[in-house]
């Protein structure tokens, strides 16, 4: 099977949103954002052994490859429109491709996001997706928009994905049921697109959590020229939404929640006056949102324990070359 | 050196075209095509050992990675605006990165094309670029727009890149000077962006030549529901622009010119009434353009020898999984 037959068989996508003037099959796709909209663009590359294990089911991999990109749109408050897929793989494996494409296109359909082009080639397994969304320029949730006095929030439960990874690595143990649940969180993350859209005009700054809460929030602080104080008692509270995380033991808990990575939740800031609107946005989109701290004029990130005392040592963030 | 330091050191790009509302450093870049313009999008992935040899100088690789993407914009008649770069590499090598970035950003600067985001990660060497351009929707040079009676043209000289590859493979011999010249064509192709822009409103259909003239032109014919008759005498004539190709011997000549691949020239069709305007576009952009045939209502691609007799056997096109 050649390259063109492969594309025809597995990657035909019948979705044609209004913003796609020309889909795949030409030298370029042509996109037409709605009047007044900016085109939001993000690229993520997934490498076997680095971003996913060879044991991952292909449909979960297809899901995740697009999910991590949609998560970047969510963090900008952008509505998904289209994406390109560049896929390098050692050989043409029809069963694998079929599974990969089904997971990928199911998530694409759920978000009205059309596959408009790409590239396929022989080589080590590598998946590169570039995603396109649209957002009114002045409602984009930029990293640089956090303001002193803003509340800091995080969506969902952070740490599950890292816990699953530690089980895979043999460094943590869970019951089969609990492992299945956290594995789902690692392999099939839910991009918080609906929450991102609901936060337009409500939140100031946002970022998605791929490398861990502390590191990613640090980017917001640096871009905004501010600092933050975060409580840690919310971590205990958030165990209510993740009893599994609790079962892993307290020694893992704070490490995973604060610097676990791969969660694809949103961290964002919003003015105190918007607390009700934040909670409405959370409710309307069926997303748990927890208030975890405050933006400060003093630069840097400080963690406060239950007694309000600053913790000395912060867990490190994930680095792709560490 | 971590991921963020790597980006800061090597991939800062000071270019801020009017169409880029927000460059790199956030979850997404924000693009703003000019009013009435469509955003043209294309993705190409380059894998070591498949698309380039490990001996290629890093600055040439940086040039080529962007050039093959700009070539897709050229084939659409689109003006370059921005690109994202996803780079997977085995280790952080400052000397390699410095060379790669210099070749990449020099070509980007020459085309006013801003690096607006991307991804870097550890893994086998793999380069994925997604490029963005703008084009008025009704002037885009689509593959589906060829019309019966159109002339068929090709830019530059096709076959040099394949000849260089055959020398690398030990299957052809050239003098050191001639090899240096064809190697330049293989490793540092010139995307025909200026020609593509000059052909807006002049040409009907266009495609860039990455897999070989016959195969790529075949995509235009299929998309347009037409056929073509190509003479072969132009191949002899085109040797005037490539004495090197001639020196490789007649047995290579037709194979390389017709199905060589990796040339990144443009093949396009235009009405007979536009012959003068095509030649003006070629002259104004300093590009050689050769008329090689005619679009026919009869489907399929026929090659005619100097006596007007159809050749029976067509050389095969390049397939990434062959």
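Protein chains in written order, with the working numbering: chain A, 110 to 431; chain B, 110 to 431. We put the CB at the ideal spot given by N, CA and C, even for glycine.
CB contact below 8 angstroms: residue i versus chain B
{"i": "residue 337 (chain A)", "result": "no"}
{"i": "residue 235 (chain A)", "result": "yes"}
{"i": "residue 404 (chain A)", "result": "no"}
{"i": "residue 372 (chain A)", "result": "no"}
{"i": "residue 249 (chain A)", "result": "yes"}
{"i": "residue 388 (chain A)", "result": "no"}
{"i": "residue 418 (chain A)", "result": "no"}
{"i": "residue 303 (chain A)", "result": "no"}
Within-8 angstroms CB hit, residue i to chain A
{"i": "residue 429 (chain B)", "result": "Note that residue 429 (chain B) scores a pLDDT of 49, beneath 50, so its modelled location is shaky; the value from the coordinates is reported in the next line. Yes, because at least one Cβ of chain A sits closer than 8 angstroms to the Cβ of residue 429 (chain B)."}
{"i": "residue 401 (chain B)", "result": "no"}
{"i": "residue 231 (chain B)", "result": "yes"}
{"i": "residue 182 (chain B)", "result": "yes"}
{"i": "residue 312 (chain B)", "result": "no"}
{"i": "residue 316 (chain B)", "result": "yes"}
{"i": "residue 321 (chain B)", "result": "no"}
{"i": "residue 156 (chain B)", "result": "yes"}
Per-residue contacts from residue i into chain A (C-beta, under 7 angstroms)
{"i": "residue 140 (chain B)", "result": "147, 148, 150"}
{"i": "residue 495 (chain B)", "result": "Outside the modelled stretch of chain B, which goes from 110 to 431, sits residue 495 (chain B), for which no answer is possible."}
{"i": "residue 227 (chain B)", "result": "152"}
Proximity test, residue i beta-carbon vs the ligand SAM heavy atom, cut-off 7 angstroms
{"i": "residue 390 (chain A)", "result": "Absent from the structure shown: the ligand SAM. Ligands present: none."}
Per-residue contacts from residue i into chain B (C-beta, under 9 angstroms)
{"i": "residue 134 (chain A)", "result": "252, 253, 328, 332"}
Whole-Å CB distance - residue i paired with residue j, under 8 angstroms assumed
{"i": "residue 119 (chain B)", "j": "residue 231 (chain B)", "result": "The Cβ separation is near 16 angstroms, so there is no contact."}
{"i": "residue 301 (chain A)", "j": "residue 180 (chain A)", "result": "7 angstroms"}
{"i": "residue 240 (chain B)", "j": "residue 182 (chain B)", "result": "6 angstroms"}
{"i": "residue 315 (chain B)", "j": "residue 186 (chain B)", "result": "7 angstroms"}
{"i": "residue 274 (chain B)", "j": "residue 295 (chain B)", "result": "6 angstroms"}
{"i": "residue 250 (chain B)", "j": "residue 312 (chain B)", "result": "6 angstroms"}
{"i": "residue 216 (chain B)", "j": "residue 283 (chain B)", "result": "The pair is not a contact, with the Cβ atoms about 26 angstroms apart (cut-off 8 angstroms)."}
{"i": "residue 81 (chain B)", "j": "residue 333 (chain A)", "result": "Nothing about residue 81 (chain B) can be reported from this structure: the residues present for chain B run from 110 to 431 only."}
{"i": "residue 188 (chain A)", "j": "residue 306 (chain A)", "result": "6 angstroms"}
{"i": "residue 318 (chain A)", "j": "residue 401 (chain A)", "result": "In fact, because the Cβ distance is near 12 angstroms, the residues do not count as touching under 8 angstroms."}
Chain-ordered chain B contacts of residue i [CB-CB under 8 angstroms]
{"i": "residue 246 (chain A)", "result": "130, 139, 141"}
Contact list for residue i against chain B, beta-carbon separation under 7 angstroms
{"i": "residue 159 (chain A)", "result": "230, 231, 232"}
For the region 187-218 of chain B, which residues have a CB atom closer than 7 angstroms to at least one CB atom of chain A, in sequence order?
187, 193, 195, 197, 201
Contact the region 167-174 of chain B vs the region 119-139 of chain B: 3+ CB pairs below 8 angstroms
no
Three CB pairs or more closer than 8 angstroms across the region 393-411 of chain B and the region 259-270 of chain B
yes
Taking a Cβ distance cut-off of 8 angstroms, strictly less, list which residues of the region 273-299 of chain B are near chain A, in chain order.
none
Any 3 or more C-beta pairs closer than 8 angstroms across the region 207-222 of chain A and the region 323-341 of chain A
no
How do the region 146-161 of chain B and the region 222-236 of chain B stand: do at least 3 beta-carbon pairs fall below 8 angstroms, yes or no?
yes
Touch test, the region 190-207 of chain A against the region 400-420 of chain A, Cβ-Cβ under 8 angstroms, three pairs minimum
Counting Cβ pairs under 8 angstroms, fewer than three are found: no touch.
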